[in-house]
Amino acid sequence: MLEEIIIAGFGGQGVLSMGQILCYSGITENKEVSWMPSYGPEMRGGTANCITIISDEKISSPIIAEFDTAIVLNQPSLDKFEHSVKPGGVLLYDSTNIIKPPTRTDIKIYKLEASNEAAKMKNTKILNMIMLGAFLKIKPIIKFDNIIAGLKKVLPERYHHLLPLNEEAVKKGMELVKS
Amino acid sequence: MGELKLMKGNEALAEAAIRAGADAYFGYPITPQSEVLEYLANHAEKRTGMVILQAESEIAAINMIYGAGGTGKKVMTSSSSPGISLMQEGLSYIACSEIPCLLANVVRGGPGLGTIQPGQSDYLQATKGGGHGDYKLIVLAPASIQEMVDFVKLGFDLAFKYRNPVMILTDGVLGQMMEKVELFDQIPRSKEIPRWATVGKPPTRERNIMTSLNLQPEPMEKHNEHLQAKYREIEKNEVRVETIDCDGADYIFTAFGLTARICTKAAQLAKAKGIKVGLIRPITVYPFPYEAYAKYATKVKGFFDVEMNAGQMLEDVKLGVLGKAPVEFYGRMGGMIPTPEEVFKAFEEKFLGGKA
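Quick mapping for you: the protein sequence lines, in order, are chains A and B. One gets my numbering by counting positions in the first sequence from 1 and adding 43 to each. One gets my numbering by counting positions in the second sequence from 1 and adding 175 to each.
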């Protein structure tokens with residue numbers, strides 16, 4: 044198994060932590076992992092992204108230009124990464140704030156109204172966990188329980204009372220893909 | 176097996192410094208390596224009593240290294256390109272005075288203040304001098320977060336073995352990215368005082384003098400000869416290199432640090448098209464593994480050197496190959512990172528006349 048993922052959105056939407064959770068969870072399953080964030084001025088509120096690679100084998104390059112999956116949370120990221128998905132790959136995006144939807148026909152496209160769902164759950168910050176749940180439904184590369192273990196590592200302890208809400212968000216994301 | 180963790184390169188570097196039993200770190204923040212100081216400030220003192228000090232500038236930091244290192248303590252600093260440039264005068268003094276210490280340069284694209292994105296454009300500064308005078312640093316080039324950890328321990332060992340400054344030459348990507356690392360167990364801070372250390376003269380021995388100044392040229396030349404003999408010794412003993420699939424290869428890709436990882440993937444793209452490609456990755460860029468190139472120079476159709484600069488290691492690669500095979504180069508500059516696809520395309524253009 045080798046899964047090469049780009050996760051992209053606005054700074055503050057939780058794209059970097061989404062990649063970190065995947066990596067921590069991957070380690071729990073004894074997989075090789077690599078996480079490479081954009082660390083430029085975009086960290087201060089513009090667009091942010093991270094390349095996350097999960098593999099059974101040793102990972103060669105942490106820098107790649109084509110992805111098995113793109114998880115996209117805003118329009119600029121969709122514009123930037125729609126064409127970086129490998130043919131036959133997956134594009135998963137939050138459609139709430141998208142005015143120009145993707146047009147490719149050679150990839151599998153999943154659209155989720157994840158921001159709206161997060162608002163319904165009364166915490167817009169769990170948007171990323173809804174997206175993560177959806178991704179795991181589409182590509183079950185890591186077990187649910189291990190994702191929760193990974194989440195515990197990434198979420199600072201002072202926020203651990205929010206673990207149940209985050210868990211619920213992951214489940215919600217999984218459901219949304221089903222329907 | 177040691178403790179497994181997911182860590183950022185900069186944090187791993189800092190954690191390894193604590194575990195290696197370092198006595199002190201002096202530094203000044205600069206992107207993309209500020210997490211080193213931040214992590215040490217949060218963790219080091221309470222665990223081992225290691226001294227962590229944010230100096231008023233890089234110039235102050237390197238001179239604190241000069242002073243503290245002179246007492247025989249395990250000392251370390253880190254910075255990124257413009258900050259390392261500021262340290263060059265101090266480094267020349269430290270090398271001349273034969274003070275062991277460890278530096279990390281988390282390189283960003285230059286020249287000048289440049290960019291905060293990664294680069295490899297400090298290769299020549301690191302390996303050929305940088306400061307004034309005939310001196311050498313031992314320079315280790317990690318290609319993974321695991322090596323960021325391992326080279327801290329190795330770096331301190333080499334620094335004390337040869338009484339010489341050692342540099343870890345890495346880049347912004349390796350500083351910022353996360354990978355799984357296995358951490359070595361805590362090494363206690365040493366209580367031993369090396370015999371050369373300047374810690375006050377007991378009646379039982381002569382004064383220890385540590386200086387880089389000698390106004391008389393005759394003893395200064397003698398000291399230079401001593402330093403050069405030491406560098407020859409280092410060149411004989413400490414060359415480290417990784418070669419992958421070079422036996423039977425038609426072409427050899429070569430790169431150090433992060434770029435070697437990118438080349439590994441580019442080599443996979445080549446192999447998928449039936450082209451036999453090997454890889455030479457210098458792990459020590461000083462001393463440089465010239466012989467690894469000489470060994471394959473008469474057996475391959477060409478060497479393809481890839482760097483995040485305008486072609487700095489290229490000079491050493493050519494010295495290794497000595498004109499016995501074509502050497503081509505591909506580089507990105509100013510903080511840009513080549514992708515594996517781009518590297519493979521450049522290889523096709525330079526060696527195969529377009530598409531493979």
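Ideal Cβ placement from N, Cα and C applies to all residues, glycine included.
I want to see whether chain B comes within less than 8 Å of residue i, judged by CB atoms only; does it?
| i | result |
| --- | --- |
| Met44/A | no |
| Gln56/A | no |
| Gly83/A | yes |
| Pro130/A | no |
| Pro207/A | no |
| Pro199/A | no |
Is residue i close to the ligand ADP? I mean its beta-carbon at under 7 Å from any heavy atom of the ligand.
| i | result |
| --- | --- |
| Ser77/A | Among the components modelled here there is no ligand, and therefore nothing to report on the ligand ADP. |
Can you pull the chain A residues whose beta carbon is under 9 Å from the beta carbon of residue i, in chain order?
| i | result |
| --- | --- |
| Lys355/B | Cys66, Gly69, Ile70, Lys74, Glu75, Val76, Ser77 |
With which residues is residue i paired in a DSSP beta bridge?
| i | result |
| --- | --- |
| Gln229/B | Gly202/B |
| Cys276/B | Pro340/B |
| Arg283/B | Pro293/B |
| Ser77/A | Ile96/A, Glu354/B |
| Glu47/A | Ile96/A |
| Tyr461/B | Val314/B |
Under three-state DSSP, which class holds residue i?
| i | result |
| --- | --- |
| Ser255/B | coil |
| Pro293/B | strand |
| Arg456/B | strand |
| Phe428/B | strand |
| Lys476/B | coil |
| Asn484/B | coil |
| Lys537/B | Outside the shown range of chain B (176 to 531) lies residue 537/B, about which nothing can therefore be said. |
| Pro254/A | For chain A, the structure presents residues 44 to 222; residue 254/A sits outside this window and is missing. |
| Lys311/B | coil |
| Thr418/B | strand |
| Gly247/B | coil |
| Ser68/A | helix |
| Tyr471/B | helix |
| Phe53/A | strand |
| Glu218/A | helix |
| Leu198/A | coil |
| Leu155/A | strand |
| Glu178/B | strand |
| Gly193/A | helix |
| Glu413/B | coil |
| Ser319/B | coil |
| Tyr82/A | coil |
| Asn34/A | As shown, chain A starts at 44 and ends at 222. That puts residue 34/A outside it, with no answer to give. |
| Pro207/A | helix |
At 7 Å on the CB atoms, spell out the chain A contacts of residue i, in chain order.
| i | result |
| --- | --- |
| Arg456/B | Result: empty, since nearest Cβ-Cβ is about 12 Å, beyond 7 Å. |
| Lys221/B | None at all; the shortest Cβ gap to chain A is about 18 Å. |
| Arg436/B | Ser103, Ser104, Pro105 |
| Gln443/B | Ser103 |
What does residue i touch in chain B if you count any residue whose Cβ is under 7 Å from its own?
| i | result |
| --- | --- |
| Ala2/A | The question about residue 2/A has no answer, for chain A in this structure spans 44 to 222. |
Is there a C-beta anywhere in chain A that falls below 8 Å from the one on residue i?
| i | result |
| --- | --- |
| Gln321/B | no |
| Ile291/B | yes |
| Pro204/B | no |
| Gln208/B | no |
Can you pull the chain B residues whose beta carbon is under 8 Å from the beta carbon of residue i, in chain order?
| i | result |
| --- | --- |
| Gln63/A | Leu181, Met353 |
Taking residue i as the query, report the chain A residues whose CB atoms sit under 8 Å from its CB, ordered along the chain.
| i | result |
| --- | --- |
| Thr439/B | Ser103, Ser104 |
| Val348/B | Met79, Pro105, Ile106 |
* What residue ranges within the segment 88 to 153 of chain A form continuous alpha helix (DSSP H) runs of no fewer than 4 residues, ordered along the chain? -> The segment 88 to 153 of chain A is shown to contain whole alpha helix (DSSP H) runs of 4 or more residues at 118 to 124, in chain order.
* Could you tell me which uninterrupted beta strand (DSSP E) segments, each at least 3 residues in length, are contained entirely in the segment 340 to 403 of chain B, listed from first to last along the chain? => 340 to 346, 353 to 358
* Asked: Curious, which full-length alpha helix (DSSP H) runs of at least 4 residues does the segment 501 to 528 of chain B contain?
  -> 515 to 526
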